[in-house]
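Numbering (my numbering), first residue to last: 165 to 554.
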C-alpha cells in the first residue's frame, strides 16, 4: 500500500494518560523508525505531547474516540497538526496483541497508509450546542421518569385522577395535586375552582377520583416528586434559553429545517448540533444516513445478499428523527405520511418508522445543502417531473 506520511503518530487515549507512537521515515521505507512515549492527560502533559510531536515534524495524528477523553487531546493538538479521529470499532487490532503501546503503534500504522476512517468532528460552536441538546434530552427523560413516579404514587394512594385527566402535569392536574400535598379538604367548590375548560363538567367524577387512602407518607412522596419535576423543568428552560443563544447564528438553517413536516425548532436544533450546517462533510445524503445509522450495513458472501439490521450510528439523531417520523405519520394527506403507511402495510410499523426517519434526514440534507425550504423543494421536484413528462 502507498505510504501517505513521512512522519505520523497514533495515540492510545485513557483517562489518566496517553500513549503516543510516532512512525517516521521515507515514503518508500517499509520499516519506519518508531518512537514511543507516555504522557499524563493534564494540560502540562498534553503540552509535552505537543512538543514531542513537533520534535519529529509529525504531519498527521490518529486517535480513538474514547468516550470524552479524546477531547482535551484534540484541543491541545488541533491548531498545529492534522488530526484523524476514528471509531474504536473501525480499527480493531490483531487479537492477542493488545497492549497500550501496541494499540498506539497499530493506530500509527493505519494512519501512515491512510486506512484510518475519519470520524466527523464539528467546529467548537456546534460541539457546545451538541452538549446542550444532549443535556436537554437527558433532563427531559429524567422529568418523564419523575412523571411516571407521580403516577405510581397516586395509584398507590387510591387516587384515580389519570382516568379523567390526560396530562396530570398540566395546569388543572397540578392544582389538584397541590390540594393533595397541602392536605386541603376536597369539596366540590374547591375542585371546581382548581380545574379549567372541559374538566369543570367532570367535577363529580374528579371528586370520586380524589377519594382515596392518601396518607402522610403519600403526601411526602408526592411533594418530593413534584419538587424534582419542577427542578428538571426549570433546568430544561434554562438549557433552551442557552440553546437559543447559539441558534441565533443559524436562524436561516433552523427556518429551513422547521419547514419540513414533523420537524420543529427543537428537532432542528438537534439536527444542527449533531451534523452541523456544512453538508460538504458528507459526500451524499446516503453517506449521512449511513453515519447516522438509519440504513442497514452490507452482508454479502458467495454472491448472496443477506438482510441486515441498521447500524448503531448516532443514537441521539436517530431517536430524534424517529420521533419526528411519529409526528409526520399523523398528518393526514401528507405524502410522507402516505409513504409511511405504504411501507407499514408491507414491512410493519417499526421498519416504516426507520424508513420515514431516513427520508426526513435525506430531505434535511438536500435542503441544507441547497439552502431552500421544503415547499421550494417540492416545487422543484414537481417542475422536474413535469419536464420529464413533457
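The C-beta atom is built at its ideal place from N, Cα and C for all residues, glycine as well.
Predicted, not measured: the structure shown is a model, and the values here were computed from it.
Proximity test, Cβ basis, 7 Å: residue i and chain B
i           : result
residue 218 : In the structure shown, chain B does not exist; there is a single protein chain.
Buried/exposed call for residue i, threshold 16 Cβ in 10 Å
i           : result
residue 267 : buried
residue 523 : buried
residue 382 : buried
residue 554 : Here residue 554 scores only 48 on pLDDT, less than 50, and its place in the model should not be relied on; the value that follows carries that caveat. Under this definition residue 554 is an exposed residue.
residue 517 : buried
residue 519 : buried
residue 493 : buried
residue 458 : buried
residue 196 : buried
residue 362 : exposed
residue 360 : exposed
residue 335 : exposed
Short Cβ contact (7 Å threshold) for residue i with residue j
i           : j           : result
residue 344 : residue 378 : yes
residue 294 : residue 193 : no
residue 337 : residue 376 : no
residue 431 : residue 501 : no
residue 230 : residue 177 : yes
residue 317 : residue 407 : no
residue 187 : residue 198 : yes
residue 417 : residue 434 : no
residue 365 : residue 328 : no
residue 292 : residue 392 : no
Cα-Cα separation, residue i to residue j
i           : j           : result
residue 282 : residue 446 : 12 Å
residue 531 : residue 241 : 34 Å
residue 527 : residue 342 : 46 Å
residue 319 : residue 312 : 11 Å
residue 552 : residue 243 : Reliability of the predicted coordinates at residue 552 is poor, the pLDDT of 49 falling under 50, and no value is obtained from them.
residue 254 : residue 439 : 20 Å
residue 166 : residue 245 : 21 Å
residue 511 : residue 219 : 58 Å
residue 505 : residue 521 : 13 Å
residue 288 : residue 403 : 18 Å
residue 443 : residue 358 : 51 Å
residue 261 : residue 290 : 37 Å
residue 474 : residue 514 : 12 Å
residue 496 : residue 508 : 15 Å
residue 237 : residue 203 : 11 Å
residue 235 : residue 205 : 11 Å
residue 533 : residue 491 : 24 Å
residue 351 : residue 340 : 11 Å
residue 486 : residue 546 : 27 Å
residue 584 : residue 247 : For residue 584 there is no data in the structure shown, the boundaries of the chain being 165 and 554.
residue 395 : residue 405 : 16 Å
residue 448 : residue 543 : 21 Å
residue 151 : residue 346 : Outside the displayed range of the chain (165 to 554) lies residue 151, so it cannot be described from this structure.
residue 214 : residue 221 : 11 Å
residue 380 : residue 484 : 40 Å
residue 390 : residue 306 : 13 Å
Close-in-space but distant-in-sequence residues of the same chain around residue i (CB under 6 Å, 5 per side omitted)
i           : result
residue 285 : 249
residue 185 : 174, 200, 268, 269 and 272
residue 498 : 425
residue 168 : 278
residue 179 : 233
Close Cβ partners of residue i (< 8 Å) along its chain, the five nearest in sequence each way excluded
i           : result
residue 315 : 326 and 332
residue 414 : 436 and 441
7 Å CB neighbourhood of residue i in its chain, flanking five on each side removed
i           : result
residue 456 : 477, 478, 481, 482 and 525
residue 216 : 184 and 201
residue 429 : 418 and 422
residue 560 : A question about residue 560 goes unanswered here, because the residues of the chain that appear run from 165 up to 554.
residue 348 : 354
residue 411 : 418 and 433
Distance cut-off 6 Å: residue i Cβ against heavy atoms of the ligand SAH
i           : result
residue 338 : This structure does not include the ligand SAH; it has no bound ligands of any sort.
*Would the region 536–544 and the region 417–424 be scored as touching if the rule is three or more Cβ pairs under 8 Å?*
The region 536–544 vs the region 417–424: in contact.
*Count the C-beta pairs between the region 446–458 and the region 390–406 that are closer than 8 Å, then say yes if the count reaches three, no if not.*
Segments in contact, no.
*Does the region 165–176 come close enough to the region 220–228 to have 3 or more Cβ pairs within less than 8 Å?*
As far as the Cβ criterion goes, the region 165–176 touches the region 220–228, which means the pair count is three or higher.
*Would you call the region 198–211 and the region 295–303 touching, i.e. three or more CB-CB distances under 8 Å?*
Touching, no, given that fewer than three Cβ pairs across the two stretches are closer than 8 Å.
*Are three or more beta carbon pairs between the region 364–371 and the region 268–275 nearer than 8 Å?*
In short, these stretches do not touch, since the Cβ pair count stays below three.
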